[in-house]
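For reference, the structure discussed in these notes is given below.
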Amino acid sequence: MAVNDGLSRLVARAQPRHRTTTEFVEATLREAILTGVIAPGTPLRQEELAETFGVSRMPVREALRQLEARALAEFHPHRGAVVAEISAADGADIGAIRMALEPMALRLSLPALTAADLDQAEELIAEMDGEADPGRMGELNRRFHMTLYARAGRPRLLALTEQHLLAADRYLRFQFAALGYRPRSQDEHRALLAACRAGDADAGCRLVTEHVGQAAEQLTAFLEGREAG
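As structure tokens, this is what we get:
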């Protein structure tokens with residue numbers, strides 16, 4: 166990967182904010198990938214990254230593994246790590262997995278949600294209303310959903326759910342920027358929260374399925390058209 170000025174600026178800005186070297190490298194590369202500073206398909210060569218970050222190869226290697234777990238990087242034989250491509254097929258796959266996991270997590274969590282949990286979810290919606298940065302929107306969206314699922318009592322299910330919400334981040338960014346999806350998404354968040362406040366698990370599960378599924382359909386159709394063109 167050829168070092169570019171955008172990544173160098175991110176490195177200089179991010180370094181003081183992180184506790185560990187691996188966290189610093191992973192968070193900075195994640196931001197670079199999500200913002201397009203490093204383009205899809207770009208090789209992520211450990212030696213070059215270690216030099217750019219001024220660190221050893223070990224934290225770079227661990228950071229790349231974390232990015233792979235978040236579906237932001239892929240490892241290929243003889244090529245090493247590359248930035249994952251954004252594709253219609255991958256977006257549809259992530260959407261299908263989310264539609265399977267999230268209603269189950271919500272149904273298990275909803276009876277144990279507290280008033281404080283629901284208030285926190287409402288505060289996150291309000292934060293999203295005022296947030297201009299699509300990257301920050303992705304983080305807030307993930308926190309909103311995970312707040313509603315957090316009482317499920319199934320650690321493995323929650324870990325898988327959060328993993329695929331993380332994988333969806335870059336698609337969500339793209340959707341906000343290219344398709345103007347944000348107002349509709351916020352309306353759906355409010356309807357979902359209202360169902361949770363009412364203790365209506367059937368309505369909540371239906372709404373979260375529709376929320377994820379309709380977004381995936383819209384994005385997949387757009388990306389398929391772009392790929393065909």
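Residue numbers (this note's numbering): 166 to 394.
The beta-carbon is built from N, C-alpha and C at its ideal position, and this holds for glycine as well.
Assuming residue i and residue j make a contact with CB atoms under 8 Å, what is their CB distance in whole Å?
| i | j | result |
| --- | --- | --- |
| A197 | G171 | 7 Å |
| R338 | P299 | 4 Å |
| L199 | R321 | At roughly 26 Å, the Cβ-Cβ gap does not stay under 8 Å, so L199 and R321 are not in contact. |
| V341 | R349 | Note that residue 341 is Phe in the sequence shown here, rather than Val. Incorrect: roughly 11 Å between the Cβ atoms, too far for contact. |
| G390 | L275 | Wrong, their Cβ atoms sit about 37 Å apart, outside the cutoff. |
| Q383 | L344 | 6 Å |
| L305 | A270 | That belief does not hold up - the Cβ atoms of L305 and A270 are roughly 18 Å apart, past 8 Å. |
Please list, in chain order, all residues of the same chain as residue i whose beta carbon is under 7 Å from its beta carbon, the five residues on each side excluded.
| i | result |
| --- | --- |
| A249 | P205, A236, L237, A238, E239 |
| Q285 | T312 |
| H329 | I259, I262, R263, L266 |
| R272 | A366, C370 |
| T374 | M264, P268 |
Have a look at the DSSP bridge pairing and note the partners of residue i.
| i | result |
| --- | --- |
| F240 | A246 |
| P208 | V247 |
Counting only the same chain and skipping the five closest in sequence on each side, list residues whose C-beta sits under 6 Å from that of residue i.
| i | result |
| --- | --- |
| A368 | A360 |
| V190 | F218, P224, V225, A228 |
| R307 | L330 |
| V220 | T186 |
For residue i and residue j, I'd like the C-alpha separation in whole angstroms.
| i | j | result |
| --- | --- | --- |
| T326 | A315 | 10 Å |
| E353 | V176 | 36 Å |
| A291 | R244 | 44 Å |
| A257 | L214 | 31 Å |
| A351 | R319 | Here residue 351 turns out to be Gln, not Ala, going by the sequence shown. So the alpha carbons of these two residues sit roughly 27 Å apart. |
| A280 | R362 | 8 Å |
| T186 | Q231 | 13 Å |
| R210 | A246 | 7 Å |
| R222 | E216 | 9 Å |
| T193 | T385 | 28 Å |
| H310 | A380 | 15 Å |
| E287 | P242 | 45 Å |
| L289 | L278 | 16 Å |
| F387 | L283 | 34 Å |
| E233 | G201 | 17 Å |
| A317 | S173 | 41 Å |
| L372 | E212 | 46 Å |
| E188 | D255 | 26 Å |
Beta-carbon within less than 8 Å of residue i's beta-carbon, same chain only, minus the 5 sequence neighbours each way: which residues are those?
| i | result |
| --- | --- |
| E392 | S252, A253 |
| A332 | R235, A236, L237, I259 |
| V377 | G260, R263, M264, E267 |
| E296 | M302, L305 |
| R178 | none |
| R195 | L232, R235, L237 |
| D294 | Q351 |
Could you tell me whether any non-hydrogen atom of the ligand GTP is closer than 8 Å to the CB of residue i?
| i | result |
| --- | --- |
| R349 | With respect to small molecules bound, the structure shown includes none, and the ligand GTP cannot be examined in it. |
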